[in-house]
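Numbering (our numbering), first residue to last: 1 to 285. Think of the CB as a built atom: it goes at the ideal place given N, C-alpha and C, for glycine as much as any other residue. Following: one structure in structure tokens, then a few remarks.
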């Protein structure tokens with residue numbers, strides 16, 4: 001069993017990977033999914049791309065969830081996958097800690113870990129204090145796992161086609177939220193999930209996850225989309241009522257009720273319409 005580190009990157013951020021990819025070891029492989037947009041394919045003369053333990057692919061598309069799904073599908077069955085971004089520092093004992101966690105938890109399909117922030121920065125999030133088996137997404141008792149905390153068995157994901165929803169994530173219309181949906185999908189499929197209170201990577205506190213303000217259009221859009229997924233069609237009523245109920249808080253953040261309803265309904269309707277299109281496509285395929 002090997003560990004496959006699947007790294008998504010975009011454009012010239014490929015140069016960041018010189019600080020991410022570590023020295024070779026026999027039981028660790030890397031898959032680099034490099035999105036270059038609509039530009040012509042380029043020859044990036046980077047030494048680490050020529051290593052036998054690094055598989056490199058250029059993708060002419062956009063959306064980090066597409067990139068991650070592409071990399072996941074390249075991993076052979078019977079291995080462990082760790083999803084990473086291009087702006088992290090892997091801790092020296094991370095690989096051994098991942099292998100040990102799966103060795104101690106033979107039933108695990110998925111194990112999430114912790115992110116350490118830079119010196120002087122606040123914790124990345126409020127984590128659980130000890131190891132825990134996750135039976136519901138609410139078992140995390142706070143913020144859900146970020147993508148770079150996630151590891152899982154390739155057999156569990158690829159056999160069940162439990163991939164990321166490509167409508168969510170950086171580079172998509174709905175920025176963020178893909179991690180929650182991914183975990184929710186695994187729980188629904190009956191996967192065995194664990195949390196381990198061990199640090200794997202160092203990452204700055206500022207991130208895509210926390211840089212958007214509570215009432216930004218980006219956060220409101222995926223809030224509306226999440227309501228649709230988790231609460232169903234009639235959740236649009238809550239999207240209208242909730243801003244009215246919390247109007248004082250909204251005004252204190254220099255936002256407006258109309259803005260909140262407008263952008264949250266954008267996310268709600270985007271998922272509704274794309275689901276309808278998908279159903280029609282599947283019916284006539």
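9 Å or more divides the Cβ of residue 180 from the Cβ of residue 89. For residue 226, the closest C-alpha among the options 268, 243, 115, 257 is that of 268.
Ranked by how close their Cα comes to the Cα of residue 168, the residues 2, 7, 65, 48 have 65 in first place. Fully contained in the region 80-112 are the following alpha helix (DSSP H) runs of length 4 or more, in chain order: 94-104. Shown here, residue 205 sits in coil according to DSSP, grouped into three states, outside any helix or strand. Cβ neighbours of residue 70 within its own chain (closer than 8 Å, five residues either side excluded): 33, 57, 59.
Taking a cut-off of 8 Å on C-beta distances, the region 184-192 does not touch the region 116-123, as fewer than three cross pairs fall below it. Close CB contacts of residue 271 within its chain, under the 6 Å cut and outside five residues either way in sequence, are with 225, 228 (chain order). In the assembly as shown, residue 130 is an exposed residue. Its beta-carbon has fewer than 16 other beta-carbons within 10 Å.
A Cβ-Cβ separation of about 6 Å places residue 111 in contact with residue 196 under the 8 Å criterion.
Boundaries of the alpha helix (DSSP H) around residue 226: 217-231.
Cβ-Cβ separation between residue 202 and residue 91: approximately 7 Å, consistent with a contact (criterion under 8 Å).
For residue 1, the secondary structure class from DSSP, reduced to helix, strand or coil, is coil. By the Cβ test, the region 159-175 is not in contact with the region 124-140, since fewer than three Cβ pairs between them sit closer than 8 Å.
A check of alpha carbon separations from residue 219 across 260, 152, 140, 10 identifies 260 as the nearest. In the structure shown, residue 237 adopts helical secondary structure according to DSSP, grouped into three states.
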